[in-house]
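Chemist: Below is the structure I would like to discuss, written out as C-alpha cells.
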Amino acid sequence: MPELPEVETTLRGIEPAIAGQVIRRIKVHQGSLRWPVNANLAQLVEGQTITHLSRRAKYLLMQLEHGSMLVHLGMSGSLRIVQANTQLRKHDHIEMQMSNGSTVRFHDPRRFGCWLWSEGAHQQLAHLGPEPLSEDFNGHRLYQLSRKRKVAVKPFIMDNKIVVGVGNIYASEALFRSGIRPDRGAGNISLQRYIELAGHIKEVLAAAIVQGGTTLRDFVNGNGEPGYFQQTLAVYGRGGEHCVACKGLLKEIKLGQRSSVFCARCQR
DNA sequence: ACACTAACCTGCAAGC
DNA sequence: TGCTTGCAGGTTAGTG
687 MPELPEVETT
697 LRGIEPAIAG
707 QVIRRIKVHQ
717 GSLRWPVNAN
727 LAQLVEGQTI
737 THLSRRAKYL
747 LMQLEHGSML
757 VHLGMSGSLR
767 IVQANTQLRK
777 HDHIEMQMSN
787 GSTVRFHDPR
797 RFGCWLWSEG
807 AHQQLAHLGP
817 EPLSEDFNGH
827 RLYQLSRKRK
837 VAVKPFIMDN
847 KIVVGVGNIY
857 ASEALFRSGI
867 RPDRGAGNIS
877 LQRYIELAGH
887 IKEVLAAAIV
897 QGGTTLRDFV
907 NGNGEPGYFQ
917 QTLAVYGRGG
927 EHCVACKGLL
937 KEIKLGQRSS
947 VFCARCQR
C-alpha cells in the first residue's frame, strides 16, 4: 500500500495522537519482520517521550529522547491509532501504548516492513537520494545521472539513489503525464523532457498527498480512513483499458519485475 | 559501476 | 467446490 504519499498520510494521521507523549508500553507479537525487531525493544524505549515524528523517503522516523525508531511499511503495512480495548487483528505485529491512552498498532500481513531502534544514525538512511518534493530533485539531476545509462527510465526514477519515494504507482502516472514511454532508455531522454518529468513527479506526489494517498485493497490512514487518489489514476492498474486521453488501449509490460502500464500512442 | 534476478511473505483473484 | 498459479504498494542481496 505505501508509497511516499501513503507514508506521509500515515505520519499526519498518527502524529497528533503520539507526538509529545510518553511510551508506556510496547508489545511485540511478531518480531520477524524485514529485519528482526530488537528483542529488548520494550525495555529500551518504554518511559521515553516521542519528541518528534518525521519522514525520510518511505521511512517514518519516531524521535525519542535517547534514540529513534525507524518504521517502514513495506508492501502491506499500516499504522493505526486505536482505543486500548480494540480487538487485536491477525497480523497486528507491534502495539505501542501512549501516556494519553492512545495505542498505535503496526499491521503488516506480508512482513516486508520493519521497526528498528537505534541510538544513533540508521544505516537504512545512509545512502538515499534527495526527497522528490525538495529543490535538490529536479530535471537537471535526472539528466546528469542518466547519461550513458541503459536502464529503462521507469526503474531509473524508482532507484532510491536517484530520487527517493517514487514507487510503481506514481512512477507510472508521472511518465504518463510526461508522455514518456516507461521502457525508453534513461540515457536517451533530453534535458527538456527530464525537466518536465521531474515536475510531473512532484505534481503527482503532491496531489496524492492532498487526497490522502491511494487506497489499493485496504490502505487506510492513521485513523482508519481510505485515500482518494485512486480515482485519479490514469494508467496504474488499468492495463487493457482505454487511455483517458486518446481512448486507445493501454499496454502492460514488465520492467524490472514490476508491471508497467502505458499508452503507446501518448507516450514515446 | 551497472544491469538484472531472486528473495523475503501472505492474501487474493483468476483459471482449470 | 477445490486446487494451482500468478500477482501485489518495496527493498536488498547476489550474480555476471
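Numbering (this note's numbering), first residue to last: 687 to 954.
We put the CB at the ideal spot given by N, CA and C, even for glycine.
Here the structure is a predicted model, which means the values were calculated and not measured.
1. Measuring CB to CB, does LYS840 end up less than 8 Å from SER945?
2. DSSP state of PRO722, grouped into three classes?
3. Just the C-alpha distance for VAL768 and ARG775, rounded to the nearest angstrom, thanks.
4. For ILE765 and GLU781, I'd like the C-alpha separation in whole angstroms.
5. Looking only at its chain, what residues have a beta carbon closer than 8 Å to the beta carbon of LEU739, apart from the 5 residues adjacent to it on each side?
6. Kindly confirm or deny that the segment 710-719 and the segment 879-895 touch, where touching means at least three C-beta pairs closer than 8 Å.
7. Does the segment 717-724 come close enough to the segment 790-804 that 3 or more CB-CB pairs lie under 8 Å?
8. Just to confirm my understanding: we take ILE843, look at its own chain, exclude 5 residues before and 5 after, and list those with CB closer than 6 Å. What are they?
9. If you follow the alpha helix (DSSP H) that ARG710 is in, where does it begin and where does it stop?
10. Output needed for ARG924: all residues of its chain with C-beta closer than 8 Å, excluding positions within five of it in sequence on either side, in chain order.
11. Can you tell which of ARG827, ASN786, HIS793 has the C-alpha that lies nearest to the C-alpha of GLN773?
12. Buried or exposed: where does GLU689 fall if 16 or more other Cβ atoms within 10 Å of its Cβ makes it buried?
13. Which same chain residues, not among the five before or five after ARG870, have their C-beta less than 7 Å away from its C-beta?
14. Locate the alpha helix (DSSP H) running through GLU781, then write down its first and last residues.
15. Does DSSP put LYS744 in a helix, a strand or coil?
16. For the segment 827-873, which segments carrying the alpha helix (DSSP H) assignment without a break, of at least 4 residues, lie completely within its bounds, in sequence order?
17. Can you tell which of LEU891, ASP778, PRO868 has the C-alpha that lies nearest to the C-alpha of LEU819?
18. What is the residue span of the beta strand (DSSP E) that GLY753 lies within?
19. What do you get for HIS928, buried or exposed, if any count of 16 or more other CB atoms within 10 angstroms of its CB means buried?
20. For ARG741, tell me which candidate among ALA770, VAL693, GLN810 has the shortest Cα-Cα distance.
21. Taking buried to mean at least 16 other C-beta atoms within 10 Å of its own C-beta, is LYS744 buried or exposed?
22. Please classify GLU821: is it buried, with 16 or more other beta-carbons within 10 angstroms of its beta-carbon, or exposed?
23. Excluding five sequence neighbours on each side, which residues of the same chain lie with their C-beta closer than 6 Å to the C-beta of ARG835?
24. Excluding the 5 residues preceding and the 5 following ARG796 in the sequence, name in chain order all residues of the same chain whose CB lies nearer than 7 Å to its CB.
25. Ends of the beta strand (DSSP E) at ARG766?
Modeler: Reading it off the structure:
1. Numbered from 1 along the first sequence, position 154 holds the residue referred to as residue 840. Numbered from 1 along the first sequence, position 259 holds the residue referred to as residue 945. The answer is no: Cβ separation not under 8 Å.
2. As a working mapping, residue 722 is identified with position 36 in the first sequence. Correct three-state label for PRO722: strand.
3. Numbered from its first residue, the first sequence carries residue 768 at position 82. Numbered from its first residue, the first sequence carries residue 775 at position 89. Cα-Cα distance, rounded: 12 Å.
4. Taking the first sequence and counting its residues from 1, one reaches residue 765 at position 79. Taking the first sequence and counting its residues from 1, one reaches residue 781 at position 95. In the sequence as displayed, the identity of residue 765 is Leu instead of Ile. About 9 Å.
5. Locating residue 739 in the first sequence gives position 53, where the first residue counts as 1. LEU697, ILE700, GLU701, ILE704, ALA705, LEU746, LEU747, MET748, GLN749.
6. no
7. yes
8. Indexing the first sequence from 1 puts residue 843 at position 157. Same-chain partners within the cutoff: VAL852, ALA857.
9. Here the question's residue 710 lines up with position 24 in the first sequence. It is not in any alpha helix (DSSP H) - ARG710 instead sits in the beta strand (DSSP E) that spans 709-714.
10. Taking the first residue of the first sequence as 1, we reach residue 924 at position 238. So the list reads LEU936, VAL947, once near-sequence residues are dropped.
11. By one-based count along the first sequence, residue 773 stands at place 87. Answer by Cα proximity: HIS793.
12. On the first sequence, position 3 is the one that residue 689 refers to. When all chains shown are included, GLU689 counts as buried.
13. Taking the first sequence and counting its residues from 1, one reaches residue 870 at position 184. Excluding sequence neighbours, ARG870 sits near ALA838, VAL839.
14. Within the first sequence, the letter at position 95 stands for residue 781. From DSSP, GLU781 is part of no alpha helix (DSSP H) but of the beta strand (DSSP E) over 778-784.
15. Here residue 744 refers to the residue found at position 58 of the first sequence. LYS744 falls in the coil class under three-state DSSP.
16. 839-843, 854-864
17. Residue numbering aside, residue 819 sits at position 133 when the first sequence is read from its first letter. Ranking the options by Cα distance to LEU819, first place goes to LEU891.
18. Here residue 753 corresponds to residue number 67 of the first sequence, with the count starting at 1. First-last of the beta strand (DSSP E) with GLY753: 753-758.
19. One-based indexing of the first sequence puts residue 928 at position 242. Exposed is the call here.
20. Start at 1 with the first residue of the first sequence, and residue 741 comes out as number 55. Closest by alpha carbon: VAL693.
21. Locating residue 744 in the first sequence gives position 58, where the first residue counts as 1. The residue in question, LYS744, is buried, as its Cβ has 16 or more Cβ neighbours within 10 Å.
22. Within the first sequence, numbered from 1, the residue matching residue 821 stands at position 135. Its Cβ having fewer than 16 others within 10 Å, GLU821 is exposed.
23. Position 149 of the first sequence, counted from the first residue, corresponds to residue 835. Here the set comprises ALA872, GLY873.
24. Working through the first sequence from its first residue, we reach residue 796 at position 110. GLY760, MET761, SER762, listed in sequence order.
25. Residue 766 sits at position 80 when you count from the first residue of the first sequence. Run containing ARG766: 764-768, per the beta strand (DSSP E) assignment.
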